[in-house]
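Quick note on numbering: the sequence shown equals residues 1 to 145 in UniProt numbering.
C-beta atoms are modelled at their ideal positions from N, C-alpha and C, and glycine is treated no differently.
Notes follow the structure.
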Amino acid sequence: YGGHPVELSFILKEFFSLVGMSYTPATSKSASNLLSFPVIRNIKSNLSDRHARHLMLLTRNNAALQLLFNYELLSHQKTVVLFGSDFSADQSDLHICLNLQQIKTCMADGRTVVLVYQENLYESLYDMLNQHYTLYGGQRFVRLA
């Protein structure tokens with residue numbers, strides 16, 4: 001089901017205008033033309049904007065991680081990648097706390113953190129991802145629980 005092309009085009013145009021981006025309608029009626037969306041440019045824009053929301057990329061496989069480095073969207077020197085798994089040790093409260101502490105350290109140092117298979121951490125990061133910061137002494141603080 002692809003919806004009605006006229007209505008879909010109207011909805012996409014409205015959405016893009018509300019988020020401050022331009023929308024170029026696809027020449028084909030296929031929804032696959034949305035893949036031509038300038039993803040790399042928008043990721044670069046988000047990562048370079050200190051006032052942008054924190055970027056969360058959700059992918060189906062690990063290929064995106066290598067692409068982020070290959071396209072120089074991320075630097076190996078300024079990025080920490082935290083891998084998780086289904087092993088019981090990776091699911092323990094201690095391991096979750098250690099990962100949260102590492103994320104806090106990276107945030108304080110201005111380093112980027114990439115989470116791979118770390119679904120057990122997302123709930124603890126909601127306040128940070130939604131930018132619920134508290135300003136104190138010119139610095140931003142957030143609750144990671």
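Three-state secondary structure assigned by DSSP to phenylalanine 10: Taking the sequence shown and counting its residues from 1, the one referred to as residue 10 is at position 10. Note: phenylalanine 10 maps to helix in three-state DSSP.
Using alpha carbons as the reference points, say which of Asn62, Val6 and Leu55 lies closest to tyrosine 126. Locating residue 126 in the sequence shown gives position 126, counting from the first residue. Out of Asn62, Val6 and Leu55, Leu55 has the C-alpha closest to the C-alpha of tyrosine 126.
Would asparagine 99 be called buried (16 or more neighbouring beta carbons within 10 Å of its own) or exposed? For the purposes of this step, residue 99 is identified with residue 99 of the sequence shown, where counting begins at 1. So asparagine 99 counts as buried.
Assuming isoleucine 96 and asparagine 62 are in contact, meaning their beta carbons sit under 8 Å apart, how far apart are those beta carbons, in whole angstroms? By 1-based counting over the sequence shown, the position of residue 96 is 96. By 1-based counting over the sequence shown, the position of residue 62 is 62. Their Cβ separation, rounded to whole angstroms, is 21 Å, which puts isoleucine 96 and asparagine 62 out of contact at 8 Å.
Mind checking glutamine 118: buried by the 16 CB within 10 Å criterion, or exposed? Here the question's residue 118 lines up with position 118 in the sequence shown. Classification for glutamine 118: buried.
List the whole-angstrom C-beta distance separating valine 116 from cysteine 106, where the pair is believed to meet the contact cut-off of C-beta under 8 Å. Residue mapping note: residue 116 aligns to position 116 of the sequence shown, counting from 1. Residue mapping note: residue 106 aligns to position 106 of the sequence shown, counting from 1. With a Cβ gap of about 15 Å, valine 116 and cysteine 106 do not count as contacting.
Of the listed residues Leu135, Thr134, Arg50 and Gly110, nearest to serine 75 (C-alpha basis): The residue you call residue 75 lines up with position 75 of the sequence shown. Of Leu135, Thr134, Arg50 and Gly110, the residue nearest in Cα terms is Gly110.
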